[in-house]
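Asker: Have a look at this one.
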Amino acid sequence: MIDGGGALAQGLARYIRGMPTSKNPLRRVAWLVLGLLFAGTISAPVAAAEPPARMDTYVEDRTGALGTGDTDRVRAAVETLYADRHVRLWVVYVGDFAGDSPQDWAAQTARLSGFGDRDLLLAVATGDRAYAFDGELPSGVSESELDRILVDDVEPALRDSRWADAGVAAARGIDSAVSGGGVRLGPVLVIGALIVLALAGLLLYQRYRRRARDRAELEQARVTDPTDPAALAALPLEALHGRSRELLVEIDNAVRTSTEELDLALGEFGETAVLPFRTALDNAKAAAAKAFTIRQRLDDAVPETPDEQRTLLIDLITTAGHADRELDARVTEFDGMRDLLINAPSRLDALTRDIVDLTGRIPAADTELARLTGTYTASVLEPIRDNVTMARERITFADECIGEGRRELGKPVGEQGGAVADIRAAESAIGQARTLLDAVTGAAANIQQARAGLPAALDELRTDLDTAADLTEHGGPRLAAAVAAARTLLDSAATAAETDPLSVFHDAVAADGDLDRALAAAGDRKLAAEDLARRLDQALGDAAARVRMATDFVSTRRGAVDAVPRTRLSEAQRHLDEAVRLRTADPAAALDHARSAADLGGRALQEAQAGVRTWEVGRPSAGGAQAGAILGGILIDSMLRGGMGGGMGGRPRRHGGYRAGSFGGSGGSRRISRGGRF
Numbered sequence: 015m016i017d018g019g020g021a022l023a024q025g026l027a028r029y030i031r032g033m034p035t036s037k038n039p040l041r042r043v044a045w046l047v048l049g050l051l052f053a054g055t056i057s058a059p060v061a062a063a064e065p066p067a068r069m070d071t072y073v074e075d076r077t078g079a080l081g082t083g084d085t086d087r088v089r090a091a092v093e094t095l096y097a098d099r100h101v102r103l104w105v106v107y108v109g110d111f112a113g114d115s116p117q118d119w120a121a122q123t124a125r126l127s128g129f130g131d132r133d134l135l136l137a138v139a140t141g142d143r144a145y146a147f148d149g150e151l152p153s154g155v156s157e158s159e160l161d162r163i164l165v166d167d168v169e170p171a172l173r174d175s176r177w178a179d180a181g182v183a184a185a186r187g188i189d190s191a192v193s194g195g196g197v198r199l200g201p202v203l204v205i206g207a208l209i210v211l212a213l214a215g216l217l218l219y220q221r222y223r224r225r226a227r228d229r230a231e232l233e234q235a236r237v238t239d240p241t242d243p244a245a246l247a248a249l250p251l252e253a254l255h256g257r258s259r260e261l262l263v264e265i266d267n268a269v270r271t272s273t274e275e276l277d278l279a280l281g282e283f284g285e286t287a288v289l290p291f292r293t294a295l296d297n298a299k300a301a302a303a304k305a306f307t308i309r310q311r312l313d314d315a316v317p318e319t320p321d322e323q324r325t326l327l328i329d330l331i332t333t334a335g336h337a338d339r340e341l342d343a344r345v346t347e348f349d350g351m352r353d354l355l356i357n358a359p360s361r362l363d364a365l366t367r368d369i370v371d372l373t374g375r376i377p378a379a380d381t382e383l384a385r386l387t388g389t390y391t392a393s394v395l396e397p398i399r400d401n402v403t404m405a406r407e408r409i410t411f412a413d414e415c416i417g418e419g420r421r422e423l424g425k426p427v428g429e430q431g432g433a434v435a436d437i438r439a440a441e442s443a444i445g446q447a448r449t450l451l452d453a454v455t456g457a458a459a460n461i462q463q464a465r466a467g468l469p470a471a472l473d474e475l476r477t478d479l480d481t482a483a484d485l486t487e488h489g490g491p492r493l494a495a496a497v498a499a500a501r502t503l504l505d506s507a508a509t510a511a512e513t514d515p516l517s518v519f520h521d522a523v524a525a526d527g528d529l530d531r532a533l534a535a536a537g538d539r540k541l542a543a544e545d546l547a548r549r550l551d552q553a554l555g556d557a558a559a560r561v562r563m564a565t566d567f568v569s570t571r572r573g574a575v576d577a578v579p580r581t582r583l584s585e586a587q588r589h590l591d592e593a594v595r596l597r598t599a600d601p602a603a604a605l606d607h608a609r610s611a612a613d614l615g616g617r618a619l620q621e622a623q624a625g626v627r628t629w630e631v632g633r634p635s636a637g638g639a640q641a642g643a644i645l646g647g648i649l650i651d652s653m654l655r656g657g658m659g660g661g662m663g664g665r666p667r668r669h670g671g672y673r674a675g676s677f678g679g680s681g682g683s684r685r686i687s688r689g690g691r692f
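For the sequence shown, the working numbering gives the first residue as 15, with consecutive numbering after it.
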């Protein structure tokens, strides 16, 4: 502190040193008096020192540093900080720190004021031009962030003597640092959004490029010889996967169409005449079954390495390719045997009689379907719900083909080749209509068979539960789970059996099989040979019904069914055949195969139904006979795999790019038939 005398002496010395020189003594005395007066003037307002003292308000101005409204600004910023973060900031302005260091002065003031861990102090000495910041940093604020606030915001305001701005900057800086590390949220959000958009665009572009590359690779696979393993080995793995699924659909369609054509030829020419074609078809069926088995292995839960996948896929594709070639090799010979232009009028007349017969069955099928609908739940009848409607569509389509065939025969000799395609299409449509109506009639028999066998199956389940009661301690979790499943089934069977006997019978057979195996594993009960035989009979009947239902559904809707349900159905048929083969030699193994066949048959039906629903959603609302023929695979896309031009018998334009299938592989279905008698 500078006293009044000291100030006067300093002022006097300063003014004496600064006086202008003059030789006039009176003038020098005048300057001396003025200097004394000025020194006394400037020393008068010097403030007294401010020792540390208790603070009573958040903002205190002990030296008059704040102007009008400044105190309110600082106080508002301090109150906002407390409202937002519950942090108390105290701000005090003094002349000097009474000879103490800024940190010591602030620490003593905080102690005298009783500050806690949520109190901060900003002390500013306007005369000493010093400041101190004291207190425990709030959670989320680092020392580096505090340094940034003080150096970048508070100190510049103090250097410019903007005392209120310094207090406001301290409060706002701490508030911002607690809320987000001092980073402004707006720019961060904008930058983040731009990054997200850029990444999304990059991902979309990469996806587009990948899809384009996948399409190009699949197209290359389509033109690669399916019987050349070396050429296939050079293709990417994903292209092999895609091509394998396409080939499975193609060979399965070819086998089904060839089977229908061969059955017609068998009725005309006998077994001996069709033997070469039967052999080719049987070989194709065996090859298709092998290919589907490979696909099932690739689709199961056990993963294969990329090299293993490649080996399996090449085996699948070459197997299907050879089968397809073998069928195509017999096409010319088959067409020569079954020259549909020979006696074509009588063939058309016979097909007309078939239409009359099938049309006569429609009312009875309608009545039977209505009766079943009123008795059983929709899920039971889902596989045959549209069968009568589809049968009508197939009959209508067959009638159109017969009429078109007659018009073709009315043309000059040599221009009648279109009648061949009409006859084939009509035969196929009539065959599918018959299968659709038979399925409605057979549904009642299947349901009745299930209802008849259900009481015995439930009684057997109750007997096994009685036996299991004595083996609870020895059966372990497997027996406990089987018992719980059996009891659940028995509880629901009483009501569900009336509305869904097929499912209840299947579930009862499955639950009984699980319970029997659990009992046998416990070591206290062995299946007697007659019990196993009885259970095997039940399981075989259940499996055969489910596989037959799925087969009929896929056959009559194969235009909308992809490789997945066909794979499941092929595996179901394989397990069913194996169960029949092992029926006597190994009944226990046969039972396992029968249960697998039933499960896979059910899965195949569900997946095929889903495929048909997807196909129907993608079709125009107006269906009609031709749409039904496309759904049934009677008409196939003439543009697939490069098919161009005239099509089957010169008829593609009449069916919008579709043509009738025939005996042979996928290539045989694209052949052209022209000519006639002369």
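Built from N, CA and C at the ideal position, the CB exists for glycine as well. Note that this is a predicted model, so its numbers are computed, not measured.
Give me the residue from 177, 462 and 130 with the minimum Cα distance to residue 141.
Answerer: Looking at the Cα atoms, 177 is the closest of the given residues.
Asker: Just how far apart, CA to CA, sit residue 268 and residue 203?
Answerer: Looking at the two C-alpha atoms, the distance is approximately 59 Å.
Asker: Curious, which full-length alpha helix (DSSP H) runs of at least 4 residues does the region 342-412 contain?
Answerer: Listed in chain order, they are 345-351, 358-389 and 392-395.
Asker: Out of 234, 571 and 252, which one is the CA nearest neighbour of residue 245?
Answerer: Answer by Cα proximity: 234.
Asker: Which runs of the alpha helix (DSSP H), 4 residues or longer, sit entirely within the region 134-171?
Answerer: With a minimum length of 4 residues, the continuous alpha helix (DSSP H) runs that stay inside the region 134-171 are 157-163.
Asker: Taking residue 89 as part of the alpha helix (DSSP H), name the residues at either end of that continuous run.
Answerer: 84-99 is the extent of the alpha helix (DSSP H) around residue 89.
Asker: Smallest Cα separation from residue 270: which of 251, 292, 283 and 255?
Answerer: It is 292 whose Cα lies nearest to the Cα of residue 270.
Asker: From residue 488 to residue 609, what does the alpha carbon distance come to, in whole angstroms?
Answerer: Interpretation of residue 488 is limited by its pLDDT of 49, a score under 50 that renders its predicted location unreliable; the figure taken from the coordinates is listed afterwards. Their backbone Cα atoms lie some 26 Å apart in a straight line.
Asker: How close, in whole Å, do the beta carbons of residue 605 and residue 550 come, if the pair is a contact with beta carbons under 8 Å?
Answerer: Yes, they are in contact, since the Cβ atoms of residue 605 and residue 550 sit about 5 Å apart, within 8 Å.
Asker: Given a cut-off of 7 Å on the beta-carbon distance, is the pair residue 554 and residue 585 in contact?
Answerer: No, Cβ-Cβ distance for residue 554 and residue 585 is not below 7 Å.
Asker: According to DSSP, which residues form a beta bridge with residue 705?
Answerer: As shown, the chain starts at 15 and ends at 692. That puts residue 705 outside it, with no answer to give.
Asker: Return helix, strand or coil for residue 650, following the three-state DSSP convention.
Answerer: Note: residue 650 maps to strand in three-state DSSP.
Asker: Classify residue 426 as helix, strand or coil using the three-state DSSP reduction.
Answerer: Coil at residue 426, not helix or strand.
Asker: How about the region 419-426 and the region 376-395: do they share at least three Cβ pairs that are nearer than 8 Å?
Answerer: Counting Cβ pairs under 8 Å, fewer than three are found: no touch.
Asker: From the DSSP output, in three-state form, read off residue 318 for me.
Answerer: Of the three classes helix, strand and coil, the one that applies to residue 318 here is coil, per DSSP.
Asker: Give the secondary structure of residue 598 by DSSP, where H, G and I count as helix, E and B as strand, and everything else as coil.
Answerer: Here residue 598 sits in coil by DSSP.
Asker: Relative to the C-alpha of residue 559, which residue among 619, 573 and 602 is closest?
Answerer: Among 619, 573 and 602, the Cα nearest to that of residue 559 belongs to 619.
Asker: Whole angstroms are fine: how far does the CA of residue 210 sit from the CA of residue 171?
Answerer: Each residue's alpha carbon lies about 39 Å from the other.
Asker: What ranges does the alpha helix (DSSP H) occupy inside the region 272-334, keeping only unbroken runs of at least 4 residues that lie completely in it?
Answerer: With a minimum length of 4 residues, the continuous alpha helix (DSSP H) runs that stay inside the region 272-334 are 285-313.
Asker: For residue 469, name the three-state secondary structure that DSSP assigns.
Answerer: Helix, per DSSP.
Asker: Pick from 189, 599 and 578: whose alpha carbon is nearest that of residue 154?
Answerer: Residue 154 has its Cα closest to that of 189, out of 189, 599 and 578.
Asker: For residue 40, I'd like the list of residues in its chain whose CB is within less than 6 Å of its CB, leaving aside the five on either flank, ordered along the chain.
Answerer: In this prediction, residue 40 has a pLDDT of 43, which is less than 50 and means its spatial position is unreliable; what the coordinates show is noted afterwards. Here the set comprises nothing.
Asker: Checking 7 Å against the spacing of the C-beta atoms, do residue 285 and residue 639 come in under that value?
Answerer: For residue 285 and residue 639, no; Cβs fall outside 7 Å.
Asker: Put residue 585 into one of helix, strand or coil per three-state DSSP.
Answerer: Three-state result, residue 585: helix.
Asker: Only counting the same chain, and skipping five residues up and downstream in sequence, which positions put a Cβ closer than 7 Å to that of residue 373?
Answerer: Correct list, in chain order: 409.
Asker: Should the region 322-329 be regarded as contacting the region 249-260, the criterion being three or more beta carbon pairs within less than 8 Å?
Answerer: Short answer: they touch.
Asker: Using 8 Å as the cut-off, can you tell me whether the region 98-107 makes contact with the region 61-73, which would need three or more C-beta pairs spanning the two stretches below that distance?
Answerer: Result yes; three or more Cβ-Cβ pairs closer than 8 Å.
Asker: According to DSSP, simplified to helix, strand and coil, what is residue 530?
Answerer: Reduced to three states, the DSSP call for residue 530 is helix.
Asker: Which term fits residue 502, buried or exposed, when burial requires 16 or more other beta carbons within 10 angstroms of its beta carbon?
Answerer: Answer is exposed; the Cβ neighbour count stays below 16.
Asker: Using the Cβ count rule (16 or more neighbours within 10 Å means buried), how would you classify residue 219?
Answerer: Residue 219 is exposed by the Cβ-count criterion.
Asker: Is the beta carbon of residue 454 less than 7 Å from the beta carbon of residue 398?
Answerer: Yes, Cβ-Cβ distance for residue 454 and residue 398 is below 7 Å.
Asker: How would you label residue 149, buried or exposed, when you count the other beta carbons within 10 angstroms and need 16 or more for buried?
Answerer: By the neighbour-count rule (16 or more Cβ atoms within 10 Å), residue 149 is buried.
Asker: So what does DSSP say about residue 115, is it helix, strand or coil?
Answerer: If DSSP states are grouped into helix, strand and coil, residue 115 belongs with coil.
Asker: Do you know how far the Cα of residue 354 is from the Cα of residue 439?
Answerer: C-alpha separation (whole angstroms): 12 Å.
Asker: Going by beta-carbon coordinates alone, are residue 361 and residue 437 separated by less than 7 Å?
Answerer: In this structure, residue 437 lies closer than 7 Å to residue 361 by Cβ.
Asker: Buried or exposed: which applies to residue 526, given that a residue is buried once 16 or more other Cβ atoms fall within 10 Å of its Cβ?
Answerer: The residue in question, residue 526, is buried, as its Cβ has 16 or more Cβ neighbours within 10 Å.
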